[in-house]
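Input: a single structure, listed below in structure tokens.
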Amino acid sequence: MPLPRVARTRSGHVWGETWRLLVALLFGLLVWWFMWLGLDRGDLSARFGGSWLWVDLALGLLAVAALPVRRRWPVATALGTALASGLGASAIGASGVALVSLATRRRWRELVVMVVPWMAAGYANQVVYPARQDETLTNVAIGVLTYVAAIGIGWAIGERRAFVASLQERAITAEREQAMRVVQAQVAERARIAREMHDVLAHRISLVAMHSGALTYRTDLSPDEVAATAEVVRSNANQALTELRAVLGVLRDVPTTTDPSPAGAAPDAPQPTLCDLDALVEETRSSGADVRCTVDGDTALVPSGVSRSCYRIVQECLTNARKHAPRMPVQVTVRVSAHDGHGSGRGDTGTGAVSLTVRNGIPVLVGRDTAKGTAAPTGSGLGLVGITERAVLAGGELTYGPDRRGDFVVQARLPWSA
């Protein structure tokens with residue numbers, strides 16, 4: 001099969017062709033010179049004329065001139081130079097180079113076919129320049145050995161070219177795969193950033209939207225109630241800005257600072273986990289939601305990464321319940337099942353899993369509340385998709401949808417191992 005082309009510079013290609021032509025020409029001139037010195041020129045002139053050696057030299061030059069097209073027509077070039085070497089000794093160098101070039105293709109049929117013209121050229125050369133009787137077998141053996149040597153050299157060159165071409169192809173494939181991995185990593189990072197921004201801000205913004213909607217439509221509120229609601233809006237808006245700065249600071253790799261002086265850098269606030277679940281429930285209850293939370297097991301045993309994912313899942317479920325099912329009771333159930341790993345004697349935390357269930361009723365009317373004049377904010381529909389991806393990335397699973405009781409239920413299970 002044809003070899004893939006290896007990229008070469010213009011100067012490298014010119015020099016590669018030049019030195020091969022020079023080798024063929026010099027070798028042919030060397031053989032022609034020895035023929036000139038060792039032959040009986042009188043006998044040669046009697047048979048072919050006095051100018052036959054110059055005809056021989058012209059054939060050698062023509063054979064060298066045909067070598068540049070050996071890659072386009074390898075068989076024809078090898079055959080033509082072999083026939084020229086049978087009539088003129090100066091074409092032997094060009095014939096050898098053409099045969100080596102043909103062998104680089106590593107096609108046995110072409111090489112077997114070339115045995116006949118190569119040996120026939122050797123016999124014809126002996127007719128033109130007759131050797132002594134005791135040198136005939138020697139010349140035949142030399143012809144066979146030179147043919148085998150040319151085939152071996154050409155085959156080795158072809159193998160090397162194939163190896164270099166395969167390395168180049170692997171390098172190109174590796175570069176393409178690396179570029180694809182970079183693009184996939186960028187897409188995954190964008191999705192992670194979007195998911196984190198949604199989880200951080202959706203909870204706060206939904207509270208702001210709900211209380212600001214109450215201020216818009218409730219005209220029967222007392223000044224104290226208006227002030228209290230405005231304070232809730234202001235507090236959640238400031239909290240949303242603070243969390244937004246924290247996320248952007250992590251993305252920019254800039255530490256959060258509370259002191260304008262360079263030495264006043266403070267560490268980033270820790271990400272919330274299941275240990276902060278009570279604060280989340282209380283905050284949601286303060287907005288008027290009926291939330292009941294049951295925790296079974298020690299949440300401190302849960303690894304921080306799994307615990308953060310569980311917290312974000314519960315937070316998103318409470319946000320969705322507040323937006324789409326206002327005033328409907330919400331039941332949050334957290335079960336931690338762990339097996340301590342003291343049997344290994346290495347202080348590992350063992351294996352376990354966290355099971356989450358968030359259940360809320362489905363209201364008949366979703367959207368504007370005609371009784372109280374408040375409007376629940378509309379959602380983008382990406383919250384459930386985001387927490388599903390988060391659960392899968394944590395090695396768990398998450399399902400959601402209405403059950404037989406008519407409630408909307410989100411169930412998740414996130415395992416961990418030591």
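Going left to right, the sequence shown walks through residues 1 to 418 as full-length UniProt numbering numbers them.
A virtual CB, placed ideally from N, CA and C, is assigned to each residue, including glycine.
Where does residue 98 sit, in a helix, a strand or coil, going by DSSP?
Assignment of residue 98 by DSSP, reduced to helix, strand and coil, places it in the helix class.
Throw me the rounded Cβ distance for the residue 98 and residue 78 pair, which I believe falls under 8 Å.
4 Å
In angstroms with no decimal places, state the Cα-to-Cα distance between residue 181 and residue 188.
10 Å
For residue 212, which of helix, strand or coil comes out of DSSP?
helix
With distances taken Cα to Cα, identify the nearest neighbour of residue 236 among 215, 205, 245, 222.
Ranked by Cα distance from residue 236, the options 215, 205, 245, 222 are led by 205.
I'd like to check one pair, residue 195 with residue 390: are the Cβ atoms closer than 8 Å?
yes
When the distance is taken between beta carbons, is residue 304 closer than 8 Å to residue 351?
no
Nearest-angstrom Cα distance between residue 234 and residue 387?
In this structure, the CA atom of residue 234 is about 28 Å from the CA atom of residue 387.
Exposed or buried, residue 53, counting other C-beta atoms within 10 Å across all chains shown (16 or more means buried)?
buried
First and last residue of the beta strand (DSSP E) that includes residue 416?
For residue 416, the enclosing beta strand (DSSP E) starts and ends at 407 to 416.
Pull the bridge partners of residue 296 from the DSSP assignment, please.
Within the DSSP bridge table, the entry for residue 296 names 335 as partners.
According to the neighbour-count rule (16 or more other Cβ atoms, all chains shown, within 10 Å of its Cβ), is residue 142 buried or exposed?
exposed
Counting only beta-carbon separations shorter than 8 Å, does residue 223 have a partner in chain C?
You won't find chain C in this structure, because it holds only one protein chain.
For residue 306, which option in 278, 203, 384, 412 has the closest C-alpha, if you only look at C-alpha atoms?
412
Tell me which same chain residues have a C-beta within less than 7 Å of the C-beta of residue 90, skipping the five on either side of it?
28, 29, 31, 32, 56, 57, 59, 60, listed in sequence order.
Mapping the DSSP letters down to three states, classify residue 399 as helix, strand or coil.
Note: residue 399 maps to strand in three-state DSSP.
Taking the alpha-carbon positions, what's the residue 179 to residue 211 distance?
C-alpha separation (whole angstroms): 48 Å.
Here's the rule: buried if 16 or more other CB atoms are within 10 angstroms of the residue's CB, otherwise exposed. What is residue 190?
exposed
Assuming residue 281 and residue 291 are in contact, meaning their beta carbons sit under 8 Å apart, how far apart are those beta carbons, in whole angstroms?
5 Å
From residue 117 to residue 76, what distance separates their C-alpha atoms?
12 Å
Which stretch, first to last residue, makes up the alpha helix (DSSP H) that contains residue 363?
Note, residue 363: premise wrong, no alpha helix (DSSP H); not H, not E.
Using three-state DSSP, classify residue 352 as helix, strand or coil.
strand
Let me check understanding here. Comparing Cα to Cα, which of 107, 398, 86 lies closest to residue 123?
86
Taking residue 386 as part of the alpha helix (DSSP H), name the residues at either end of that continuous run.
That run of the alpha helix (DSSP H) goes 383 to 393.
Less than 8 Å between the C-beta atoms of residue 331 and residue 359, yes or no?
yes
Can you list, in chain order, the residues of its chain whose CB lies under 8 Å from that of residue 406, leaving out five sequence neighbours each side?
If we look at residue 406 and ignore the five residues flanking it on each side, its Cβ neighbours are 361, 362.
Below 8 Å on the Cβ atoms is my contact criterion, and I expect residue 146 with residue 96 to pass it. Report the Cβ-Cβ distance as a whole number of Å.
Contact between residue 146 and residue 96 holds: their C-beta atoms lie close to 7 Å from each other, under 8 Å.
CB residue 103 to CB residue 67, shorter than 8 Å?
no
Where residue 207 and residue 186 are concerned, what is the direct C-alpha to C-alpha distance, given to the nearest angstrom?
32 Å
Where does residue 359 fall in DSSP's three states?
If DSSP states are grouped into helix, strand and coil, residue 359 belongs with the strands.
For residue 302, which of helix, strand or coil comes out of DSSP?
coil
Which residues in the same chain as residue 81 place their Cβ atom closer than 7 Å to its Cβ, once the five residues preceding and following it in sequence are excluded?
63, 66, 91, 94, 95, 98
Would you check if the distance between the CB atom of residue 357 and the CB atom of residue 333 is smaller than 8 Å?
In contact: residue 357 and residue 333 (Cβ atoms closer than 8 Å).
Identify the residues that DSSP records as bridge partners of residue 330: which are they?
In DSSP, residue 330 forms a bridge with 291, 360.
Just checking my contact of residue 214 with residue 229 at CB under 8 Å: how many whole Å lie between their CB atoms?
Contact between residue 214 and residue 229 holds, with the beta-carbon distance rounding to 6 Å and staying under 8 Å.
If residue 100 sits next to residue 150, beta carbons under 8 Å apart, how far is it from one beta carbon to the other, in whole angstroms?
5 Å
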